[in-house]
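Keeping their order, the protein sequence lines are chains A and B.
Start counting the first sequence at 14; every next residue gets the next number (our numbering).
Start counting the second sequence at 121; every next residue gets the next number (our numbering).
Quick notes on the structure that follows.
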Amino acid sequence: MTRPDPLLSVRNLKVSFDIRRKGSLPWTRPRQLKAVDGVSFDLYPGETLGIVGESGCGKSTLARAVISMIPARGGSAVWLGDTDILQARPEKLRLIRRDVQMIFQDPLASLNPRMTIREIIAEPLITHHPKTPKHQVTERVRQVMDRVGLLPNQINRYPHEFSGGQCQRIGIARALILEPKLIICDEPVSALDVSIQAQVINLLMDLQKEMGLSLIFIAHDLSVVRHISTRIMVLYLGNVCEVSPARELYDRPLHPYTRALIASVPIPDPEKERHKQTELLEGDLPSPMDPPSGCVFRTRCPRAQPLCAEQKPRIGDSLDGHAVACHFPLD
Amino acid sequence: MVVDKQKIRKLADNLAESEVRGRSLWADARHRFLRNRAAMTGLVVLTLVVLFSIAGPWISPWNYEDIDWDVLEDVATLGRPSLENGHYFGTDDLGRDLYSRVIQGTQISLMVGLIGSLIAVVVGTLYGAIAGYLGGRIDGFMMRLVDILLAIPGMFVLILLMVMFGRSIVMIFIGIGLLSWLDMSRIIRGQTLSLKQKEFIEAAVATGVRPLTIVTRHIVPNVLGIVVVYATLLVPGMIMAESFISFLGLGVQEPQTSWGALINEGTKTLQHGMEWQLLFPLGFFVVTLLSFYFIGDGLRDALDPKDR
């Protein structure tokens, strides 16, 4: 099977934050919080990469580091096979950012309360094509509003006059106006209620089909990710546990953490839900300031062996695209 | 269920209505402000004072620097406020028309207040917003500079400037302008720091908007509410500072005058039984300052409804 060249190719990406304890002296070395610890993946045109994991596992940090909004400590993120985003000069970065847009978790907070919808949606256009005549900008804004299911006559309204779902549509419209190649969705539906979630997800899928977009879709809700993703990457404590085509991951999870995640998805049928066999994970996420030796998941893993504490499992390459980082995979 | 088709159609028509005008947060705030009685009273009074300082000279037959020699032989009795000889507010101890002098003082004092606040608003807001937005070392450097300037007593600097460069109204503007933006920049920096975390700023960064544009387009409009409130509360402070300097005899130069200078002269002649010379300028001073405070309070309530 030949695949097209990847749109974005991330290798061994590392992000860490300096944590200074209160009252520490300025010349002491700060402690490191490893938010993302050596993540690699490829993203192909037109596909959706779902990223899942529990709170604090580095999903959002990863997404922001990839487009250089948070400085990375190492690794590379190659855009279209030629430019490393992490090393790009500011002017080059601006050009790349024209093709990469972002949608955020809190729909209302992602819109400037002092600007009208027209100004908000037009901002990327005005930023990158400052000479566009005003009526053309308005025309374009109306088109995108119509495309995402907003009434174009609401163009002069302010964000606080809209519902959460509508605000998210505004956010999507803003992301679409430049017809980008990649949209990074940082938990775009977590703050919405279920019926609106479905609308927004379907809108994103339609848009993707129509415009050939690639999406990086971050969520902690597996059922949402399953619906939209081509491939899914499972993160735990800044490390990749498993990468797999979406259906394959649900049918045949290889990593114990993936299985626990899937098992924790509630079934919307009380009868089945009651009799579901679940193995809940013990304990909490370890501190990323002080991650466990070897496999980061071993402290909560039901299958942990002495080897897990000694050696960090490498994520293998596999032909069918299903890779796992575990010494003792399931199955 | 029976559906009223006409109603549905009407609803559809309404939804398709061309261009719904949105209500901005500013419009909401204006609405709340207009309903605030105290603030509106303040605004009306202030407008009257401003109008008085502009239109007042047309009514008066006297100039603020001319001496009425007829009155001079007994200012304590002949210089009383009266409509007949045209000294509506009486004269001062030199026989100059107090009405015209109060107008002159009002102009100077309001100008000092407004120009001082204007400098504070423009410089302080931009300085604070840039320091807060850029953060890191630049922020540290810019804010330490403010700390150093704040550590020098402002009144001392003002008096020093007056002594060194001579008494003039321009020097007062420069001196007050130099000092007034410091507090403002600190307030705005704090606001910017919390605003910086908001996702709409992140969205702008992700789109590739340039830092300076982010400051002017996203940060400044969102701190403007606080700026406006603080500026209205700053104006009385400026007026007081100028008045204090003038009260010490270091402010504006004769024959020009200001409220502070007038009040100073008024206190001196109080013992000769010329109470009007103190009461008129003092009245204007107090009434104007109160109006500013009421307006400031009203603006704060209007722009920050959550705080109540």
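Cβ atoms here follow ideal geometry from the backbone N, Cα and C, with glycine treated the same way.
**OP:** Please state whether DSSP places Gln224 (chain B) in a helix, a strand or coil.
**Re:** Here Gln224 (chain B) sits in helix by DSSP.
Original post:
Leaving out the 5 sequence neighbours to the left and right, which residues in its chain are closer than 7 Å to Met263 (chain B) when beta-carbon positions are compared?
Top reply: Annotation for Met263 (chain B): Ala251 and Arg309 place their beta carbon closer than 7 Å to its own, counting only its chain and skipping 5 residues before and after.
Subject >> Alpha carbon of Asp219 (chain A) to alpha carbon of Asp206 (chain A), nearest angstrom >> reply: In this structure, the straight-line span from the alpha carbon of Asp219 (chain A) to that of Asp206 (chain A) is close to 20 Å.
Original post:
Which residues of chain A have a Cβ atom closer than 7 Å to the Cβ of Arg338 (chain B), listed in chain order?
Top reply: Correcting the residue type first, residue 338 (chain B) is His in the shown sequence and not Arg. Ordered by position in chain A, the residues that pass the 7 Å Cβ test against His338 (chain B) are Asn125.
Subject >> Residues that Val329 (chain B) contacts on chain A, provided the C-beta gap is smaller than 8 Å >> reply: Residues of chain A passing the Cβ test: Glu136 and Thr140.
Original post:
Touch check for the stretch 342-361 of chain B and the stretch 188-207 of chain B: three-plus C-beta pairs under 8 Å?
Top reply: Counting Cβ pairs under 8 Å, fewer than three are found: no touch.
Original post:
What three-state label does DSSP hand Gln373 (chain B) in the structure shown?
Top reply: In the three-state reduction of the DSSP assignment, Gln373 (chain B) falls in the coil class, being assigned neither a helical nor a strand state.
Original post:
Beta-carbon separation of Gly63 (chain A) and Phe230 (chain A) under 8 Å?
Top reply: With contacts defined by Cβ atoms closer than 8 Å, Gly63 (chain A) and Phe230 (chain A) form a contacting pair.
Subject >> Pairwise C-alpha distance: Leu419 (chain B) and Asn156 (chain B) >> reply: Computed Cα separation, rounded: 9 Å.
Original post:
By how many angstroms is the C-alpha of Gly142 (chain B) removed from the C-alpha of Val238 (chain A)?
Top reply: Spanning the two alpha carbons is a distance of roughly 35 Å.
Original post:
Which residues in the same chain have their Cβ closer than 7 Å to the Cβ of Arg129 (chain B), if we skip the five residues on either side of it in sequence?
Top reply: Excluding residues within five positions, none has a Cβ falling inside 7 Å.
Original post:
Whose C-beta lies closer than 8 Å to the C-beta of Val79 (chain A) among residues of the same chain, with five residues either side of it excluded?
Top reply: Result list for Val79 (chain A): Leu21, Val23, Leu26, Ala90, Ile98, Ile197 and Ile229, in chain order.
Original post:
So does the stretch 120-127 of chain A actually touch the stretch 300-314 of chain B, counting three or more Cβ pairs closer than 8 Å?
Top reply: The stretch 120-127 of chain A is not in contact with the stretch 300-314 of chain B.
Subject >> Segment limits, alpha helix (DSSP H) that includes Pro341 (chain B) >> reply: DSSP places Pro341 (chain B) in the uninterrupted alpha helix (DSSP H) bounded by Val340 to Phe367.
**OP:** Name, please, each residue of chain B whose Cβ falls closer than 8 Å to the Cβ of Gln114 (chain A).
**Re:** Within 8 Å Cβ-Cβ: Ala326 and Thr327.
**OP:** Hey, could you find the ends of the beta strand (DSSP E) Glu255 (chain A) is sitting in?
**Re:** It spans Asn252 to Pro258 - the beta strand (DSSP E) in which Glu255 (chain A) sits, taken as one unbroken run.
**OP:** Taking 8 Å as the threshold, find out whether the stretch 130-139 of chain A comes into contact with the stretch 156-171 of chain A through three or more Cβ pairs.
**Re:** Between the stretch 130-139 of chain A and the stretch 156-171 of chain A there are three or more inter-stretch CB-CB distances shorter than 8 Å, so the stretches are counted as touching.
Original post:
At a Cβ cut of 7 Å, what residues of the stretch 298-320 of chain B count as close to chain A, listed as they run along the chain?
Top reply: Against chain A - using a Cβ distance shorter than 7 Å - the residues of the stretch 298-320 of chain B are Lys318, Glu319 and Phe320.
Subject >> Residue range of the beta strand (DSSP E) that includes Phe30 (chain A) >> reply: Taken as a continuous stretch (DSSP letters only), the beta strand (DSSP E) holding Phe30 (chain A) covers Leu21 to Ile32.
**OP:** Starting from the beta carbon of Asn342 (chain B), find every residue of chain A whose beta carbon is closer than 8 Å, and list them in chain order.
**Re:** Neighbours of Asn342 (chain B) on chain A, chain order: Asn125, Pro126 and Arg127.
**OP:** Report the residue from B:Phe400, B:Ile365, B:Val343 and B:Ala381 whose alpha carbon sits nearest the alpha carbon of Leu423 (chain B).
**Re:** That would be B:Val343, whose Cα lies nearest to the Cα of Leu423 (chain B).
Original post:
Pick from A:Pro143, A:Thr140, A:Glu174 and A:Arg160: whose alpha carbon is nearest that of Arg127 (chain A)?
Top reply: Residue A:Glu174 is the option with its Cα nearest to Arg127 (chain A).
**OP:** Note down, in chain order, each residue of its chain lying with its Cβ closer than 7 Å to the Cβ of Val243 (chain B), except the 5 sequence neighbours on either side.
**Re:** Contacts found: Trp301.
Subject >> Chain-ordered chain B contacts of Arg110 (chain A) [CB-CB under 8 Å] >> reply: Going along chain B in sequence order, the residues near Arg110 (chain A) (Cβ under 8 Å) are Ala326, Thr327 and Gly328.
Original post:
How would you write the range of the alpha helix (DSSP H) that Val165 (chain B) sits in, first residue to last?
Top reply: Where Val165 (chain B) is concerned, the enclosing alpha helix (DSSP H) stretches over Arg157 to Ile179.
Original post:
By the 10 Å Cβ neighbour count, where 16 or more other Cβ atoms means buried, how is His148 (chain A) classified, buried or exposed?
Top reply: Result: exposed.
Original post:
Helix, strand or coil: how does DSSP classify Phe414 (chain B) here?
Top reply: Annotated three-state conformation of Phe414 (chain B) is helix, per DSSP.
Original post:
At what residue ranges does the stretch 295-327 of chain A contain a whole run of the alpha helix (DSSP H), taking only runs of 4 or more?
Top reply: Counting only runs of at least 4 residues, the stretch 295-327 of chain A fully encloses the following alpha helix (DSSP H) elements, listed from N- to C-terminal order: 319-323.
**OP:** Quick one: residues in its chain with C-beta nearer than 8 Å to the C-beta of Arg327 (chain A), no 5 flanking neighbours on either side, listed in chain order?
**Re:** Result list for Arg327 (chain A): Ala338, in chain order.
**OP:** Give the DSSP bridge partners of Val247 (chain A), in chain order.
**Re:** A:Val65 and A:Glu255, per the DSSP bridge assignment.
Original post:
Alpha carbon to alpha carbon, what distance is there between Leu280 (chain B) and Met291 (chain B)?
Top reply: C-alpha separation (whole angstroms): 11 Å.
Subject >> Arg330 (chain B) versus Val348 (chain B): straight-line alpha-carbon distance, rounded >> reply: In a straight line, the C-alpha of Arg330 (chain B) is about 26 Å away from that of Val348 (chain B).
Subject >> Integer-rounded CB distance, given that Arg313 (chain A) should sit under 8 Å from Glu295 (chain A) >> reply: Indeed they touch by this definition, with Cβ atoms about 6 Å apart.
Subject >> Other residues of its chain near Ile339 (chain B): CB distance less than 7 Å, five sequence neighbours each side excluded >> reply: Excluding residues within five positions, the ones whose Cβ falls inside 7 Å are Ala249, Tyr253, Thr312 and Leu315.
**OP:** Determine the extent of the alpha helix (DSSP H) in which Ile198 (chain A) is found, giving its start and end residues.
**Re:** The displayed chain sequence assigns Cys, not Ile, to residue 198 (chain A). Here Cys198 (chain A) belongs to no alpha helix (DSSP H); instead the beta strand (DSSP E) covers Leu195 to Asp199.
Subject >> Neighbouring residues, chain B, relative to Asp159 (chain A) (Cβ below 9 Å) >> reply: Under the 9 Å cutoff, chain B gives no residues; its nearest Cβ is about 13 Å from Asp159 (chain A).
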